[in-house]
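Inspection log for the structure reproduced underneath, given as structure tokens.
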Amino acid sequence: MVKKAYSVETKLACIEMKKVDKSNKVIMDALGVKNASQVKTWWRWYQNDELYRFHQPVGNQYTYGKGMKQLSEVEQLRLQVDLLKKYQSLVRESTK
């Protein structure tokens, strides 16, 4: 079985179609996506603000420090700020 690699543009087009309430079947037919679970996965990544995942290669799980080179400096800084905000909120909760 061969893994299908989809371009970032395809993934973003899928998200735009989901935003206007297109069904998974319509999206799959229009973009050539083979499995509905792939559309659901991309949508979940979008909803969780995990946009860096759109740039990771097939078969490689995202780990700290890998895949960040493909993101622009602004996107890297935004991810770092989000991470620090989450850490800060966890510290606040643990000190209560």
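For the sequence shown, this note's numbering assigns the number 7 to the initial residue and increments by one for each residue that follows. Virtual Cβ for every residue (Gly too), placed ideally from N, Cα, C. On a predicted model such as this, the values are computed, not experimentally measured, just so you know.
Q) What do you get for residue 31, buried or exposed, if any count of 16 or more other CB atoms within 10 angstroms of its CB means buried? A) Reading the sequence shown from its first residue, position 25 is the one you call residue 31. For residue 31, the number of other beta carbons within 10 angstroms of its own is below 16, and it is reported as exposed.
Q | Neighbourhood of residue 45 by C-beta distance below 8 Å, restricted to the same chain and skipping five residues each side | A | Here residue 45 refers to the residue found at position 39 of the sequence shown. Excluding sequence neighbours, residue 45 sits near 20, 24, 30, 33, 34, 39.
Q | Supposed contact pair residue 48 and residue 17 - C-beta distance, whole angstroms, cut 8 Å | A | Counting from 1 along the sequence shown, the entry for residue 17 is found at position 11. Counting from 1 along the sequence shown, the entry for residue 48 is found at position 42. Correct: roughly 5 Å between the Cβ atoms.
Q. Under 8 Å between the Cβ atoms of residue 85 and residue 58?
A. Taking the first residue of the sequence shown as position 1, residue 85 is located at position 79. Taking the first residue of the sequence shown as position 1, residue 58 is located at position 52. Yes, they are a contact pair.
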